[in-house]
Every structure is written in structure tokens, then in C-alpha cells.
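Okay, so the sequence shown: first residue is 52 according to this note's numbering, each after it adds one.
Beta carbons: idealized from backbone N, C-alpha and C, even for Gly.
Taking it in order: structure first as C-alpha cells, then the write-up.
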Amino acid sequence: MLRFDGRVAVVTGAGRGVGAAYARLLGSRGATVVVNDLGVSPTGTDPSGGPAHEVVAEIEAAGGRAMADTRSVASPEGAEGLIEATIAAYGRVDVLIHNAGRVHGNYDELRTLNMDATHWLTEAVWPHMLEADYGRILVTTSSAGLFGTAVGTDYNTLQGYGAAKMGALGHTRSLAIRARSTGIKVNAVSPHAYTRLAAGLEQTPELAFMATHSTPERVAPGSVYLVHESCPVSGEIFAIGAGRMARIFIGETVGYVNPDLTIEDVEDNFAAIMNEAGYHVPRDMSEITAIYRKVATGQ
Ligand SMILES: NC(=O)c1ccc[n+]([C@@H]2O[C@H](COP(=O)([O-])OP(=O)(O)OC[C@H]3O[C@@H](n4cnc5c(N)ncnc54)[C@H](O)[C@@H]3O)[C@@H](O)[C@H]2O)c1
52 MLRFDGRVAV
62 VTGAGRGVGA
72 AYARLLGSRG
82 ATVVVNDLGV
92 SPTGTDPSGG
102 PAHEVVAEIE
112 AAGGRAMADT
122 RSVASPEGAE
132 GLIEATIAAY
142 GRVDVLIHNA
152 GRVHGNYDEL
162 RTLNMDATHW
172 LTEAVWPHML
182 EADYGRILVT
192 TSSAGLFGTA
202 VGTDYNTLQG
212 YGAAKMGALG
222 HTRSLAIRAR
232 STGIKVNAVS
242 PHAYTRLAAG
252 LEQTPELAFM
262 ATHSTPERVA
272 PGSVYLVHES
282 CPVSGEIFAI
292 GAGRMARIFI
302 GETVGYVNPD
312 LTIEDVEDNF
322 AAIMNEAGYH
332 VPRDMSEITA
342 IYRKVATGQ
């Protein structure tokens, strides 16, 4: 059985939905869980300590250890304060899951919680994880950004939300490279769960499937594995929901090469440019030139 005895895990937005499922599972496997949640409505109003304290009470009732933290992580002070409070209480942070997120709000609000908080939280925890030469960080992205979404031709908040979640992914990828020579691993999850977040969207047949199949409890095992000591990967993205876990990757087609490329060549060879056969999956930016060279010279 995979356990977290002796580990301290910080989970943001852990008072409800997916984050609460993470916190309960971590607590049941021996982690000391810092349950952070501002306890706000989907639009960010009416903060309440209720959700965070309720999840802490559930973990403790099941025999686990947990601490509530009710600050907002959508500011540098809040994000840093959460990590400082955890260090003050337990002297370590082994696991950070930045799960708090929102789809409703103005552009700045969406960016601040979904993307900027990823930066503030990971930078705050980084020195502690480097010193320990150990850490597991899980960032939350979304299919809204990875694959795009829209409702009609007008701007919808899902667009700003998706863009911010891609910003969070950008932090993830570079953090994973920074961590290569260390015991820290950083991955991203794109969850699929029928929570109040999904319930608040326009209801479609897909959402009806989610309502019956995609519980937060079916996301938690995949994400919690990614923050376990035995997680074998870093810099990866996973789709998790409805009991399914799959890798998402960013690839480049082999493409078409001609040093004397003209716009007519582009038109004539567009099928080759689009052809997915033999695609490359670059591990980082340094591989990009190598791919150009390989395709251009065969070496
Ligand atoms: N549910 C899905 O299908 C889905 C899909 C893709 C991505 N996500 C992402 O997964 C994460 C969890 O989503 P969910 O569906 O469980 O949402 P949810 O709304 O049920 O829970 C989010 C929690 O975050 C808390 N929160 C909001 N602002 C906060 C702040 N500033 N500081 C601290 N806590 C704050 C809320 O009080 C709430 O309890 C989010 O990042 C979301 O964007 C969810």
C-alpha cells in the first residue's frame, strides 16, 4: 500500500470538490494535511472558514492529522503565508498541490488564482524542498486551455480561465527542468469531475455523463499517486477523471523541410506539415534545435 507517513501535504482549495477528495485520501494514507480553502462562492464572494474546517474534522474523525488554513492564495502574501504557516507548524512541506481555481470572474481574477498563485506558491515552497532535496508538486491545468473551448463567437470567461491554466502549465514545465538535479518532481493534472464548478456551466450531454461518472473521488487516486515518493515522472501532464488516467503530451509533427521554402511549397506540402505520423515529443526547449537538425540533415 502506498502511504504518506511522516509527509506534510499542502492542498489549496481543499475544502470542496476535487481538493477535498485529495485531502481526505492523503489523510487516510498517513499524510499530515494542510487543508487550505477560502470557502468562497463560485464567483469568489462570501469567504467562509467552514469548508476547510469541515474537511479537517472529517480527516481527524477518520484518525488522520490535518490543519485548516483559510487564507486566499490569490495574493503573494496569502500564498507565502500558507507555506510559512505550514513550516511554522510542521517544519517541512513534502507535497504541494495547487488545486484552488475558478472559472468565473474578470480576467485579472482568473489569472491571479489560476496562474499567478502557481508561481507564488511554488516559489515559496521551493527553498524548503531544495533544502530537503525532496518534494512533490502538482499543478492544476484544464482541458479548457489545453484544447480550447468557446460558447458562440463572444468572449466567455472560460477563455481567460483556460489561458490562465495554460500559464500554470508553463510554470510546471520549467519548474520540472529546474528540479532535474534534485529530488523534486513537478507534474500537472487536468481533472475531470462533476463539482459545483461543472454544475455551474451550461448543461450538455457531456455534463450529464460527468454528473453520473465523474466524482472527485475518481480523480484523487491518480493525482495522489503523482505526489507520492514513487512517482516516476516530472514535467508531465495527466488527464484524470471518471476512473480514467491518461498522459497528455505536446508534440511536433516531423513536418516538411526545404531550405528554399516558398509560400507555394507550404501550400503544396501542407498535408506533410499536418501529418501526425512519427511526431516528436520534446522534453524541453533545448531539444527543439535538435529536432530541426534531425529533420533537416537526418542526424
Ligand atoms: N471540475 C472539473 O471538471 C475541472 C476541470 C478542469 C480543471 N479543474 C480545476 O480543478 C480544481 C478544482 O476544481 P473543483 O471542480 O473541485 O472546484 P470547486 O469550485 O468545487 O472547488 C474549488 C475550491 O477552491 C476554493 N478557493 C477559491 N478561491 C480560493 C482562493 N483564492 N484561495 C483558496 N481557496 C480558494 C473554493 O472555496 C473551493 O472550495 C480547480 O483548479 C479547477 O479549475 C476542474
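Excluding the 5 residues flanking it on each side, Tyr307 has same chain C-beta neighbours closer than 6 Å at Asn320, Ala323, Ile324, in chain order. The beta carbon of Asp97 is closer than 7 Å to those of Val91 in its chain, skipping five residues each way along the sequence. At a cut-off of 4 residues, the continuous stretches assigned as alpha helix (DSSP H) that sit fully inside the segment 178-202 are 194-197.
DSSP places Ser241 in the strand class (E or B) of the three-state scheme. Going by C-alpha positions, Ile148 is about 12 Å away from Ile134. Of the residues assessed, Leu53 falls on the exposed side of the cut-off, its CB having fewer than 16 other CB atoms within 10 angstroms.
In its chain, beyond the 5 residues on either side, Gly211, Tyr212, Ala215 have a beta carbon closer than 6 Å to the beta carbon of Leu161.
Distances taken from the Cβ of Leu164 to the heavy atoms of ligand 1 include one shorter than 8 Å. The distance from the Cβ of Ala119 to that of Val86 is about 5 Å, consistent with a contact at the 8 Å cut-off.
Membership of Phe300 in any alpha helix (DSSP H) is not indicated, and neither H nor E is assigned to it by DSSP. In this structure, Val84 sits away from Arg122, with a CB-CB distance that is not shorter than 9 Å. If you look at Thr83, you'll find it in the beta strand (DSSP E) that goes 83-87.
Within its own chain, the residues whose Cβ lies closer than 6 Å to the Cβ of Val190, once the five positions on either side in sequence are excluded, are His149, Thr169, Ala219, Thr223, Ala239, listed in chain order. In the DSSP assignment, His264 falls within the alpha helix (DSSP H) that extends over 256-264. Taking C-alpha positions only, Ala74 is separated from Gly101 by approximately 15 Å. Just so you know, the alpha carbons of Gln350 and Arg229 end up roughly 28 Å apart. Here the segment 198-212 does not lie against the segment 255-268, with fewer than 3 beta-carbon pairs under 8 Å apart.
With contacts defined by Cβ atoms closer than 9 Å, Gly70 and Asp56 do not form a contacting pair. Sequence-distant partners of Tyr185 (beyond 5 residues in either direction) whose C-beta falls short of 6 Å from its own C-beta, in its chain, are Gly234. Tyr212 has its CB nearer than 8 Å to a heavy atom of ligand 1. At a threshold of 8 Å, His104 does not count as near ligand 1, since its beta carbon sits no closer than that to any of the ligand's heavy atoms.
A check of alpha carbon separations from Met261 across Pro272, Thr246, Asn157, Gly273 identifies Thr246 as the nearest. Ligand 1 has a heavy atom closer than 8 Å to the beta-carbon of Asp88. Under the DSSP assignment, Asp167 falls outside any beta strand (DSSP E); it carries neither an H nor an E label.
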